[in-house]
Amino acid sequence: MSFGASFVSFLNAMMTFEEEKMQLACDDLKTTEKLCESEEAGVIETIKNKIKKNVDARKSTPSMVDRLQRQIIIADCQVYLAVLSFVKQELSAYIKGGWILRKAWKIYSKCYVDINALQELYQKKLTEEPLASDAANDNHVVAEGVTEESLSRLKGAVSFGYGLFHLCISMVPPNLLKIINLLGFPGDRLQGLSSLTYASEN
Numbered sequence: 001m002s003f004g005a006s007f008v009s010f011l012n013a014m015m016t017f018e019e020e021k022m023q024l025a026c027d028d029l030k031t032t033e034k035l036c037e038s039e040e041a042g043v044i045e046t047i048k049n050k051i052k053k054n055v056d057a058r059k060s061t062p063s064m065v066d067r068l069q070r071q072i073i074i075a076d077c078q079v080y081l082a083v084l085s086f087v088k089q090e091l092s093a094y095i096k097g098g099w100i101l102r103k104a105w106k107i108y109s110k111c112y113v114d115i116n117a118l119q120e121l122y123q124k125k126l127t128e129e130p131l132a133s134d135a136a137n138d139n140h141v142v143a144e145g146v147t148e149e150s151l152s153r154l155k156g157a158v159s160f161g162y163g164l165f166h167l168c169i170s171m172v173p174p175n176l177l178k179i180i181n182l183l184g185f186p187g188d189r190l191q192g193l194s195s196l197t198y199a200s201e202n
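If you read the sequence shown in the numbering used here, its first letter stands for residue 1, the second for the next number, and so on.
Below you can see the structure in the form of structure tokens.
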């Protein structure tokens, strides 16, 4: 809900270019970002859950799916904040925007790798389970509680930002591309198009 509202606020700011609305959009996006960060499970809570013997194994995995979803929302918010910074057309705003984009890219990249690993684990678990198993045939849920639908939804969510980064950076002129690559931004056009296609189909 908060992310949807902050996205609408961002669009409103970009359509009007009014300073007041741009500031409001920044505030809304930062609030959404903080909300997602505050819902992360703390280290002590995670250790407590691992120590408890009676904790159901399913309980930790949905929280992992939720955590990945929140990370993707944080990265999306950071991209929008960077765009709002670039609109100001000041040197300090460009530097700040670049730094925010770098943080967003790291989150997208990590989430993309994590989701791919989860999908591979899911497929491995499915092949290991007996074909006649009710859990595999009826629910399509592995023992950890991750569904194929939730993984596909997460992959689609992260693929948009991940693919957009790859595609946009690959279109930068070659002389600037070397500098951008040194800053840690890759630019694989085929990977970008592939990810954006996946996002549009899911």
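Glycine included, C-beta positions come from ideal geometry on N, C-alpha and C. Since this is a predicted model, take the numbers as computed values, not measurements.
Nearest to W105 by alpha-carbon distance, out of N175, L183, E120 and L91, is L183. Cβ neighbours of S85 within its own chain (closer than 6 Å, five residues either side excluded): A93, K96 and G97.
Annotation: G187 to S109 spans about 13 Å, alpha carbon to alpha carbon.
I107 has its alpha-carbon roughly 16 Å from the corresponding atom of G192. Contact check for S159 against V65 fails: the beta carbons are separated by 8 Å or more. K30 and C77 have their C-alpha atoms spaced approximately 7 Å apart.
Its chain contains I115 as the residues whose beta carbon lies nearer than 6 Å to that of K155, once the 5 sequence neighbours on both sides are disregarded; these appear in chain order. Between the alpha carbons of I180 and Y162 lies a distance of about 16 Å.
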